[in-house]
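Protein sequences appear in the order of chains H and C.
Residue 109 in this note's numbering sits at position 106 of the first sequence, and the numbers go up by one each step.
Residue 128 in this note's numbering sits at position 125 of the second sequence, and the numbers go up by one each step.
Ideal placement from N, C-alpha and C gives every residue a C-beta, glycine not left out.
The structure appears below as structure tokens.
Number of protein chains: 2
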Amino acid sequence: MSLRIALLGLLTVSGPSSGYDLAKKFEKSVAHVWQAGHSQIYPELAKMTADGLLAVGAEGARGRKIYSVTPDGQAELRRWLLDHSPSTTTRSETALQSFLVPLLEPDEAVTVLRRMKTSAQAHLAELEELRAARNAIADPAGRWGMFGAYALDLGIRQTRGVMEWADDSIADVERRSGTA
Amino acid sequence: MSLRIALLGLLTVSGPSSGYDLAKKFEKSVAHVWQAGHSQIYPELAKMTADGLLAVGAEGARGRKIYSVTPDGQAELRRWLLDHSPSTTTRSETALQSFLVPLLEPDEAVTVLRRMKTSAQAHLAELEELRAARNAIADPAGRWGMFGAYALDLGIRQTRGVMEWADDSIADVERRSGTA
DNA sequence: GGCATCATGTAAAAAGTTACATGATTTA
DNA sequence: TAAATCATGTAACTTTTTACATGATGCC
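Next up, the structure:
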């Protein structure tokens, strides 16, 4: 379901686009909340067309297929946003590592936690770059000017949160082991 | 891979257990970082045994199979914790909704954001209850006393972060639409 | 002509979800 | 003895990942 919804949203904001375009845009925007490669996107677009959520316009150069959202598609997207309460469940390798880290010796645990902090820092840099790129283009007062913006903000806050948590956890491990 | 690792960790801390026990413990502890039902756990335990990571002890009452971690299993877990840097990618329906929410009218967006805050609040309550239950049993100075504790702390912080973000986003939507 | 990139797909495998199925034991 | 819960599994389906496959167009 979620992949459909992400595609409907992207297509709504971008206007009629090809699968290739959507795959590119996916990478550069939705990717920090949902991931999908072209091998998942192409078949899904076909299914969505079969289900009446999308329509294929004229085939462009090089056999490009230009998809656009039908009224049924618009309704589907609206319904999901308004009626569907999203599951709060997370599935995160980082969280799993943080769960298991007490199985290691204190010095090893500290190494692992430091690595997590470093990778959070790198992730933060990416998100902030994304935000800078967004701010350079989008007009926040425009029709869909805030599309993606709240999610980016959330991502940045969460990532900063991971960094703070890592610092505090490192300090805790050191205090407990008397290595401080 | 991650399911294996979660099972290895749980089995290390619990000591020899049956699939049924592990499924129960999964629900009550690892579940907030990784989810799996018994229909995924039973076959995975069988595969892990075939791969030499687990050993089956005597079959207990009612045909219970008691699994324990082999040295190979211990090594596998250690290796994953020490050498594997986890992907930072998130896949979250909540984040996807937050991404798409600007497609709605301001008042609708506010409704959706409020619902997210409410569900974060409920989730926070669950996590805090889990922590209370943990604190009542576990000795934080014991061998694996902090098993799961850092992850719980992270989850609680992240969930509080979502609540703050929701408040700020609601305020932002209202300010932009002049509904404040 | 060769290389990059545009553009679309399929196939196979792994992971995850939901539903079905069955039998043993405890407790009320 | 009926209901709850213990205990294990399989089957069907959906979703995701990784790899394979192919042809067109533009640029050097």
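CB contact flag (residue i, residue j, <8 Å)
i, j, result
"H:L56", "H:E79", "yes"
"H:A98", "C:L25", "no"
"H:Y164", "C:R81", "As written in the sequence, residue 164 of chain H is Gly, which differs from the Tyr given in the question. No, the pair does not count as a contact, with Cβ atoms beyond the cut-off."
"C:V16", "H:F102", "no"
"H:L14", "H:S95", "no"
"H:A169", "H:L116", "yes"
"H:P109", "H:S180", "yes"
"C:A39", "C:L11", "no"
"H:H126", "H:T93", "no"
"C:F150", "H:P105", "yes"
"C:S122", "H:Y153", "no"
Backbone CA spacing between residue i and residue j [nearest angstrom]
i, j, result
"C:L84", "C:W37", "16 Å"
"H:T114", "H:E167", "16 Å"
"H:D86", "C:A61", "50 Å"
"H:Y23", "H:R118", "35 Å"
"C:Q124", "H:S88", "14 Å"
"C:E129", "H:K68", "47 Å"
"C:A174", "H:I140", "24 Å"
"H:L155", "C:A136", "34 Å"
"H:W147", "H:E131", "20 Å"
"H:G76", "H:Y45", "17 Å"
"C:P143", "H:P74", "57 Å"
"H:H35", "H:G145", "23 Å"
"C:M51", "H:V59", "47 Å"
"C:Q43", "C:A49", "11 Å"
"C:G66", "C:I8", "25 Å"
"C:E111", "C:R178", "14 Å"
"H:K27", "H:E47", "15 Å"
is_contact[residue i, chain C] using C-beta, thresh 8 Å
i, result
"H:T73", "no"
"H:E96", "yes"
"H:Y153", "yes"
"H:R160", "yes"
"H:I76", "In the sequence as displayed, the identity of residue 76 of chain H is Gly instead of Ile. With 8 Å as the cut-off, H:G76 does not count as an interface residue toward chain C."
"H:V33", "yes"
"H:A9", "yes"
"H:R118", "yes"
"H:L56", "no"
"H:L157", "yes"
Per-residue contacts from residue i into chain H (C-beta, under 9 Å)
i, result
"C:E111", "R81, L84, L85"
"C:D170", "Going along chain H, no residue has its Cβ under 9 Å from C:D170, so there is no contact; the nearest lies around 12 Å."
is_contact[residue i, chain H] using C-beta, thresh 8 Å
i, result
"C:F150", "yes"
"C:G66", "no"
"C:F102", "yes"
"C:A26", "no"
"C:G12", "yes"
"C:L99", "yes"
"C:D142", "no"
"C:V201", "Missing from the structure shown is residue 201 of chain C; chain C here goes from 4 to 183 and no further."
Interface residues of chain C facing residue i [CB-CB closer than 9 Å]
i, result
"H:A136", "Near H:A136 there are no residues of chain C at all, since even the closest Cβ is about 16 Å away, more than 9 Å."
"H:G164", "L157, R160, Q161, R163, G164"
Chain C residues whose Cβ lies nearer than 8 Å to that of residue i
i, result
"H:H126", "T91"
"H:P105", "W147, G148, M149, F150, G151, A152, Y153"
Residue i CB to nearest heavy atom of the ligand MN below 7 Å
i, result
"H:L107", "In the structure shown, the ligand MN is absent, as is every other ligand, since no ligand is present at all."
Under 7 Å by beta carbon: chain C residues contacting residue i
i, result
"H:S122", "S88, T91"
"H:G63", "Residues of chain C passing the Cβ test: none, with the nearest at roughly 26 Å."
"H:V36", "T93, S95, A98, L99, F102"
Chain-ordered chain H contacts of residue i [CB-CB under 8 Å]
i, result
"C:G186", "Because chain C here runs from 4 to 183, residue 186 of chain C falls outside it and cannot be looked at."
"C:T15", "L106"
Where residue i meets chain H, residues with beta-carbon distance less than 7 Å
i, result
"C:S5", "E96, L99"
Segments of 4+ residues assigned as alpha helix (DSSP H) that fall wholly inside the region 31 to 113 of chain C: The qualifying runs are 41 to 53, 74 to 86, 96 to 103.
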